[in-house]
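Engineer: So in this note's numbering, spot 17 of the sequence shown is number 967, and the numbers just go up one at a time.
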Amino acid sequence: MSNRLNVQLVVIDPQNDFMDIPNAALPVPGANEDMKRVAKLVERAGKKFNDIHVTLDSHRLIDIAHPAWWRDGRGKSPAPFTMITSADIERGTWTTRDPNLRARSLAYTKALEATGKYTLCIWPVHCLIGTWGHNVQSDLNGALQKWSESEFQMVDYVTKGSNPFTEHYGALMAEVPDPNDPGTGLNTDFLTMMQTADVVGLTGEALSHCVRATITQIADNIGAEHIKKFHILTDCTSSVPAIPGVVDFPALAQQWLKDMQKRGMHLTTSREFLA
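As C-alpha cells, this is what we get:
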C-alpha cells in the first residue's frame, strides 16, 4: 500500500477573459502574474499532484447576465455592470428581449435576491464557449499540458455557467439551481473527489467573486472534518477593484479570507505550498 499523500490542486477560472492582458473582457488586475505563479507551482511540484482540477466559466452570448437578454423602454440593452432588480422588472425599467422569458426572469431575480448574496449584475460578454476568452491563460495551459504528458494524467476540467437562465459563480452549484438542469445543482462528483484528498491547494480568479463563491460552497458542503485539508494560495489570486462609494471588493475578499481561516482553512503561498 502506498503511503503517498493524495494531493490535489484546484484552479478556478484561469481564463483569458479574466487576465489583465489585451482584449480580455473582464480583466482582473494582477491575474496574469497570478497564473504565471500557478504555472511555476505546477512545474515545481507537479509530481506531487494526484489530480489537477480546472474550473471553466462557460457562457453563451444569450445569457440572463449578459446585455442581449434585456431591453429598456427604448429598446436599448443595459450597459455592462448595470444592476437589475426584480422591482426594475416589475416597473418596466427593464424587460426581456423575448417577452416569453419575462416571467421566468422575474422569478429568477426574486429567488436570487432572496438568497441575500447578490443582485443580478449585467456583465460584459465573457468566456463565450469556443472563443479565445474561454481559453486557459497561456503559461498555465503550457504547464498543465506538460504535467499531463509527464505524469500520464488528465487534467479535470469542470465547466460551469452554460445554463442561460441562472448565474453560476461557484463551481459546485448555480446561485439559483434550475430544477430541470442537474448541472446547476450541487456537483457531488467534484465534492467527492476533494473529500478523498489529503491536501488540496485552491487558487484562481477572481478572489472576490468566483474563488470566494467556489471555496465557500466547498466549505459549506464538504463536511467540517475535511476543512483543514484546504490551502488557499493567496499570491495566486486577485480581486476585482473597488467601486468607489459602492463596494470595496478587495476589502470584502480579505475579510472573507480571515473567515475561511477561522473555519480551519490554511492561508499560504505558491512558494510555501508543498515546499
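Note that beta-carbon positions come from the ideal geometry of N, C-alpha and C, so glycine has one too.
Every value quoted in this text rests on a predicted model; they were computed, and no experiment measured them.
1) Tell me, to the nearest whole angstrom, how far the beta carbon of Phe-968 is from that of Glu-1155; I am working on the premise that it is less than 8 Å.
2) Tell whether a beta-carbon distance below 8 Å holds between Leu-955 and Phe-1223.
3) Please report the residue range of the beta strand (DSSP E) in which Thr-1218 lies.
4) Take the Cβ of Asn-1113 as the centre, count every other Cβ of all protein chains shown within 10 Å, and call the residue buried at 16 or more, exposed below.
5) Counting only runs that start and end within the region 1109–1171, where is the beta strand (DSSP E) found for 3 or more residues in a row?
6) In terms of alpha-carbon separation, which member of Thr-1153, Pro-1127, Thr-1046 and Ile-1012 lies closest to Thr-1005?
7) Does the beta-carbon distance from Ala-989 to Asp-1106 come in below 8 Å?
8) Hey, out of His-1003, Val-1075 and Val-961, whose CA is closest to Asp-901's CA?
9) Where do the N-terminal and C-terminal ends of the alpha helix (DSSP H) with Asn-1091 fall, by residue?
10) Is the beta carbon of Ile-1182 less than 8 Å from the beta carbon of Leu-1217?
11) Just list the residues that DSSP pairs Cys-1071 with in beta bridges.
12) What's the C-alpha gap between Arg-1221 and Gly-1151?
13) Helix, strand or coil, according to DSSP, for Phe-999 in the structure here?
14) Is the region 1157–1176 in contact with the region 1116–1126, if contact means three or more CB pairs nearer than 8 Å?
15) When we look at the beta-carbon of Thr-1065 and count the other beta-carbons within 10 Å, is it buried (16 or more) or exposed?
16) For Lys-1026, count the other beta carbons within 10 Å of its own beta carbon; 16 or more makes it buried, fewer makes it exposed. Which is it?
17) Apart from the five residues on each side of it in sequence, which residues of its chain come closer than 7 Å, Cβ to Cβ, to Thr-1043?
18) Could you compute how far the alpha carbon of Pro-1049 sits from the alpha carbon of Ser-1055?
19) What span of residues does the beta strand (DSSP E) with Gln-958 cover, start to end?
20) So Met-1143 and Phe-1180 are in contact, right, with Cβ under 8 Å, and what is the actual spacing, rounded?
21) By the DSSP assignment, the beta strand (DSSP E) with Phe-1180 in it spans what residues?
22) Do you know offhand how far Asp-1013's Cα is from Leu-959's?
23) Do three or more CB pairs link the region 1026–1042 to the region 1070–1086 at distances below 8 Å?
24) Is the CB-CB distance between Thr-1046 and Trp-1020 below 8 Å?
25) Please name the residue, chosen from Ala-981, Trp-1082, Ile-971 and Asn-973, that lies closest to Thr-1187 on a Cα-to-Cα basis.
Structural biologist: Quick answer:
1) 4 Å
2) The Cβ atoms of Leu-955 and Phe-1223 do not sit closer than 8 Å to each other.
3) 1216–1218
4) buried
5) 1149–1154
6) Thr-1153
7) no
8) Residue 901 is absent from the model: the chain starts at 951 and stops at 1225.
9) 1088–1101
10) yes
11) Cys-1071 is bridged to Met-1033.
12) 12 Å
13) strand
14) yes
15) Thr-1065 is exposed by the Cβ-count criterion.
16) exposed
17) Asp-1022
18) 10 Å
19) 957–962
20) With a Cβ gap of about 13 Å, Met-1143 and Phe-1180 do not count as contacting.
21) 1180–1183
22) 30 Å
23) Touching, yes.
24) Yes, they are a contact pair.
25) Ala-981
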